[in-house]
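Here is the structure we will look at, set down as structure tokens.
In mature numbering (1 follows the signal peptide of the UniProt record, and there is no 0), the protein residues as written are -24 to -1, 1 to 326.
In structure tokens, the structure reads:
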């Protein structure tokens, strides 16, 4: 009887253990930077003082210089892009490196340092890193040797190969085994096969292609020139062009944000010497067109918090000291103004 009772206790314990395992939460706990908004400060040329701030909209807390705080060293570069892929956050510096951090705690987990020139953005495919790079300037300050660098591991390392592409590649987008490259200067979208590490197809597009995005299941590239903006989608199965839209928005820049109801917010600027800046709003799927939703000077980056339906606008203040970020409601009223770092230029909403 005692033996039977002992067996029953062991069986009950085993059942409880299995039940607890099946109903346990296997997800890792959120880190302190896994929610909120990351603010990218490009930094000033020569000072190489790019950094990332973290803003918690719920509490209103702004935390400065989180890379330096968590790694006990400055970022030491001009921060060009932040890319969140494969549970890693890639900080792309156009001064020749990529820092890789854990997105939850911002601790460094790797880097790509050396054999890069002016990296612009990054994508991951087939367990590799693909990094767009202008390449070195020649004597006339042109970039005839632009490339996409390939690194074998997701945690960084050495550049194993440079794939020649058209001048001044900007954004990258990975879809399956293909990496789409926005070739801004020569109006091309080049498609790299991540397995063979070669350009497998080149498509001509209108305007200056700079940014890929997805809406309603389709992949689009945003392009612009002095008079218009352009949106071109692609068939991902056969790598051909799909739908095209031209919208009359003058003085557009490369900075866009995807907003509510498929709206797209676009920074505009007349450039030197007046720098009359603005924000236009349009949509691919309806007739929305607001050429001047906001006007000002010094606009340098834009983002959108879909959870709170708020627009974040970065102002560089002419790189004369620190910049600021103004948070707007959809009706244009101001929610908050934040003093940030040098050259605020982008946002990553977690």
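By construction, the Cβ of each residue, glycine as well, lies at the ideal position given by its N, Cα and C atoms.
For residue i, three-class secondary structure by DSSP
| i | result |
| --- | --- |
| residue 238 | helix |
| residue 45 | helix |
| residue 6 | coil |
| residue 153 | coil |
| residue 326 | coil |
| residue 225 | coil |
| residue 141 | coil |
| residue 146 | strand |
| residue 34 | coil |
| residue 69 | strand |
| residue 208 | strand |
| residue 162 | coil |
| residue 102 | coil |
Separation of residue j from residue i, as counted between CA atoms
| i | j | result |
| --- | --- | --- |
| residue 65 | residue 150 | 16 Å |
| residue 10 | residue 140 | 36 Å |
| residue 209 | residue 195 | 5 Å |
| residue 311 | residue 131 | 38 Å |
| residue 156 | residue 201 | 21 Å |
| residue 307 | residue 313 | 16 Å |
| residue 128 | residue 70 | 20 Å |
| residue 55 | residue 265 | 32 Å |
| residue 41 | residue 227 | 33 Å |
| residue 293 | residue 95 | 25 Å |
| residue 324 | residue 136 | 29 Å |
| residue 215 | residue 189 | 16 Å |
| residue 159 | residue 230 | 13 Å |
| residue 315 | residue 116 | 38 Å |
With 16 other Cβ atoms within 10 Å as the buried cut-off, status of residue i
| i | result |
| --- | --- |
| residue 192 | exposed |
| residue 277 | buried |
| residue 120 | exposed |
| residue 22 | exposed |
Proximity test, residue i beta-carbon vs the ligand FMN heavy atom, cut-off 7 Å
| i | result |
| --- | --- |
| residue 123 | In terms of ligand content, the structure shown is empty, and the ligand FMN therefore cannot be addressed. |
Continuous beta strand (DSSP E) assignments of at least 3 residues falling wholly in the segment 241 to 324 = DSSP runs (the beta strand (DSSP E)) wholly in the segment 241 to 324: 253 to 259, 265 to 272, 275 to 281, 286 to 291, 300 to 305, 310 to 315.
How about the segment 170 to 186 and the segment 207 to 223: do they share at least three Cβ pairs that are nearer than 8 Å?
-> yes
Is the number of C-beta pairs between the segment 277 to 296 and the segment 259 to 267 that are closer than 8 Å three or more?
-> Output reads no: the segment 259 to 267 does not touch the segment 277 to 296.
Between the segment 73 to 80 and the segment 94 to 109, do at least 3 Cβ pairs fall closer than 8 Å?
-> yes
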